[in-house]
Amino acid sequence: MKRKTRYILVLVVAAVLVNLPLVHSTIIDQRVQRSGVDVQATVVEHRTVGGQHLVSFTFPKSVDPDQRTGQADLEPAAYDRAVSTGELQVRVLKDDPSAYVADGQVENHAILVMTLIADALLLVTALLLWKVGGRRRPQLRAIAVEDVERGGDGVALDRIEGQTYLIRGEVSALEPGQVVLELGGRSVLVFLDGHVNPVGYQQVAQVRARLV
């Protein structure tokens, strides 16, 4: 696999992972609004912290037999009403009590903000990779002086003697009588000149060849 292709795959996977929480949150919110039921939850605790009006509550046992505690950050008026009545209206999914939206709940944009920041960083990274990738040096040409062999790790363009070099890289193209090796930021077109190439596409090959 070419290095550029690997970079693209990594960026695509990173973009999916970064945006997955926001997508999941959006889907859950839509399900709650579309299929949720309105219930009166019981307020079990309330407090104000750093400008947030937090209310902890439990659902009726018919909705949540385990009586797990939910929490919501409410607008001031909704908070005062919940504290004074001891109840809070909440829309919840019957089959998933962890998915709910309380009446007067303050929208949390933290996931959206973090996702946008991460997407911006990924975009900058993609642009830098594209810019660097666009600065490929001119393709070199060489004539093989022996058969092509399977290569080891890494790339090489090492002078042996005069204009003869040991060239090692990934096979990016195969044509009758020639092969192209990728050496990071540049490629080398090797004319086989009657020599044999047993190495396949996207495999590492090495050959001694004379630059022309």
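Residue numbers for the sequence shown follow the working numbering, beginning at 39 and rising by one.
Think of the CB as a built atom: it goes at the ideal place given N, C-alpha and C, for glycine as much as any other residue.
Based on the DSSP output, what are the partners of residue i in its beta bridges?
i: Ala194; result: Arg206
i: Gly255; result: With the chain running from 39 to 250 in the structure shown, residue 255 is simply not present.
i: Glu213; result: Gln216
i: Leu178; result: Val226
i: Glu199; result: Thr202
What did DSSP end up calling residue i once you bin it into helix, strand or coil?
i: Leu60; result: helix
i: Val51; result: helix
i: Arg119; result: helix
i: Val101; result: coil
i: Arg85; result: strand
i: Arg72; result: helix
i: Arg44; result: helix
i: Val218; result: strand
i: Val77; result: strand
For residue i, report the span of its beta strand (DSSP E) as first-last.
i: Val134; result: Looking at the sequence itself, residue 134 is Asp, so the reference to Val does not match. First-last of the beta strand (DSSP E) with Asp134: Asp134 to Ala140.
i: Arg224; result: Arg224 to Phe229
i: Arg248; result: Val242 to Leu249
i: Val186; result: From DSSP, Val186 is part of no beta strand (DSSP E); its letter is neither H nor E.
i: Glu125; result: Glu125 to Leu131
Hey, is residue i close to the ligand ATP, as in C-beta under 8 Å from one of its heavy atoms?
i: Val226; result: Only the bare structure without any ligand can be found here, which leaves the ligand ATP out of the picture.
(request) Report yes or no: do the stretch 192 to 199 and the stretch 231 to 239 share at least 3 C-beta pairs separated by less than 8 Å? (result) Under the three-pair Cβ rule at 8 Å, the stretch 192 to 199 does not count as touching the stretch 231 to 239.
(message) Quick test of the definition: if touching needs 3 or more C-beta pairs under 8 Å, does the stretch 88 to 96 touch the stretch 119 to 134?
(response) Contact between the stretch 88 to 96 and the stretch 119 to 134 is present: three or more C-beta pairs spanning the two stretches fall below 8 Å.
(message) Using a Cβ distance threshold of 8 Å, determine whether the stretch 129 to 148 contacts the stretch 61 to 74, with at least three qualifying pairs required.
(response) At 8 Å Cβ cutoff, the stretches touch.
(request) Spell out a yes or no on whether the stretch 175 to 187 and the stretch 241 to 249 are touching, meaning 3 or more CB-CB pairs, one atom from each, closer than 8 Å. (result) By the Cβ rule, the stretch 175 to 187 counts as touching the stretch 241 to 249, because three or more pairs are nearer than 8 Å.
(message) Tell me whether the stretch 53 to 61 and the stretch 110 to 119 touch, counting them as touching only if at least three CB pairs, one residue from each stretch, are closer than 8 Å.
(response) These segments do not touch.
(message) With a threshold of 8 Å, are at least 3 pairs of Cβ atoms found where one atom belongs to the stretch 227 to 234 and the other to the stretch 203 to 219?
(response) Cβ pair count under 8 Å is three or more, so yes.
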